[in-house]
Amino acid sequence: MPPARASILTRPRRFSFLRVSATIGCVKVSAVIIAKNEEHNIERALKSVAWADERVVVDAESTDRTREIAASCGARVIVRRWEGFAEQKKFATAAAANDWVFSLDADEEVSLELQAEITKIASNGPDANAYLIPRLSIYMGREIRHSGWYPDKQLRFFDRQKGQWNDRLVHESVKMQPGCRIGELKSDIRHFSIANAAYHHRLIGERYAPLGAKQMFDDGRRTSALNLAFAGPTAFVRTFFFKLGFLDGLPGFAIASFAAHHAFLKHLLLWEMQNHGVHEKKGS
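Quick note: the sequence shown uses the working numbering, first residue 120, plus one each step.
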């Protein structure tokens, strides 16, 4: 397969709205976002990183107004065919003008408190090679602080000379070089990933369960009828009781129920992959 081609739609330019300069101190920061059909989210995300020295949006050939909105916010927009989450984020990180990168998803925003923490680091100079940041999800109109969803620490602010995105199909993350110091910030990235129950169901069935099953298969993991039977109930109990999901009220119950659905479907898809491989071998 030929490598994905990328085209730059806009040149980098300054954006003054709510801008807090990070250039007066020790490091310059590039905020990078990957997106596809995110016209309802991209403006909020970009405004929350208006403090950065540049903002880069890598757009996976959106068919909505994502690119136009991003450009109007002052971002440098690069169009690149979708190659998977990790590959898109690697590309976006490499495309940044600065070594210090802040990676934000299109359905997230940087809280005002987190903006203050990051600009202080940029001004005074970092005391680490990367920083973990807590992520707070908003689900069914409620901040979810239990259910295994919080603090959900994400390594999003880092020196790209010292770390890079791994190759995981799902839940990709930045892997730092040995010996790197990783600090922690106190304030949140706010996450608006799931609009409603129907979308949550589709997200599991069309993205997370298939990718999770494929990752398990590639890692050499296999499942069984016993795992299929207990995966769902175990996930529900772990999420709702052990991870205190009941303290999140009805949204916590919904999260635990979808966790059960995800666990069952992931193991079922893995079981199908195993059988598919067996049938191929027998027919060869």
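Note that beta-carbon positions come from the ideal geometry of N, C-alpha and C, so glycine has one too. What you are looking at is a predicted structure, and each value in this text was computed from that prediction instead of being measured.
**Request:** List the endpoints of the continuous beta strand (DSSP E) containing F277.
**Result:** Q273 to D278
**Item:** Test item: CB-CB of V176 and V148 under 8 Å
**Value:** no
**Prompt:** What do you reckon, are the CB atoms on R309 and S230 nearer than 8 Å?
**Reply:** yes
**Request:** State the DSSP-derived secondary structure class of I263, mapped to helix, strand or coil.
**Result:** strand
**Prompt:** Buried or exposed: H386, going by 16 or more other Cβ atoms within 10 Å of its Cβ?
**Reply:** buried
**Prompt:** Anyone know if the C-beta pair for Y327 and H381 falls short of 8 Å?
**Reply:** yes
**Asked** What's the gap between the Cα of I143 and the Cα of L288?
**Response** Residue confidence for I143 is low, a pLDDT of 35 falling below 50, so the modelled location carries little weight; the figure read from the coordinates is stated next. Cα to Cα, the separation comes out at about 38 Å.
**C-alpha gap between S140 and A235, whole angstroms** = Residue placement at S140 is poorly supported in this model, since its pLDDT is 38, which falls under 50; the coordinates are not used for a value here.
**Q273 classed as buried or exposed, judged by whether at least 16 other C-beta atoms fall within 10 angstroms** = buried
**Message:** Can you determine whether any heavy atom of the ligand NAP sits closer than 7 Å to the C-beta of L388, and answer yes or no?
**Reply:** In the structure on display, the ligand NAP does not appear, and there are no ligands present to speak of.
**Item:** Simplified DSSP state of W219, which is helix, strand or coil
**Value:** strand
**Prompt:** Helix, strand or coil: how does DSSP classify D224 here?
**Reply:** coil
**Prompt:** What's the C-alpha gap between A378 and G331?
**Reply:** 13 Å
**Spatial distance of D307 from R261 (CA atoms)** = 15 Å
**At least three beta-carbon pairs within less than 8 Å, the stretch 154-164 to the stretch 187-195** = yes
**Asked** Per DSSP, what kind of secondary structure is L345 in: helix, strand or coil?
**Response** helix
**Message:** Please classify K305 as buried or exposed, where buried requires at least 16 neighbouring CB atoms within 10 angstroms.
**Reply:** exposed
**Message:** Extract the residue ranges of the alpha helix (DSSP H) inside the stretch 334-378, only unbroken runs of 4 or more that lie entirely within it.
**Reply:** 344-356
**Asked** Considering only residues of the same chain and omitting the five flanking positions on each side of S256, which have a CB-CB separation below 6 Å?
**Response** I263, W268 and H310
**Message:** Only counting the same chain, and skipping five residues up and downstream in sequence, which positions put a Cβ closer than 8 Å to that of M295?
**Reply:** N248, A249, L274, F277, K281, G282 and I301
**Prompt:** So what does DSSP say about R174, is it helix, strand or coil?
**Reply:** strand
**Message:** Going by DSSP in three states, R321 sits in which element: helix, strand or coil?
**Reply:** helix
**Prompt:** Span of the beta strand (DSSP E) holding K294?
**Reply:** V293 to M295
**Asked** Among residues of its own chain, excluding the 5 on either side of S266, which ones have a beta-carbon nearer than 6 Å to its beta-carbon?
**Response** T358, K362, G364, D367, G371 and I374
**Own chain, CB closer than 6 Å to N201, minus 5 neighbours either side, in chain order** = Going by the sequence as given, residue 201 is Trp instead of Asn. Excluding positions up to five away in sequence, the list reads A179.
**Prompt:** Applying the criterion that 16 or more other CB atoms from any shown protein chain within 10 Å of the CB defines a buried residue, is R174 buried or exposed?
**Reply:** buried
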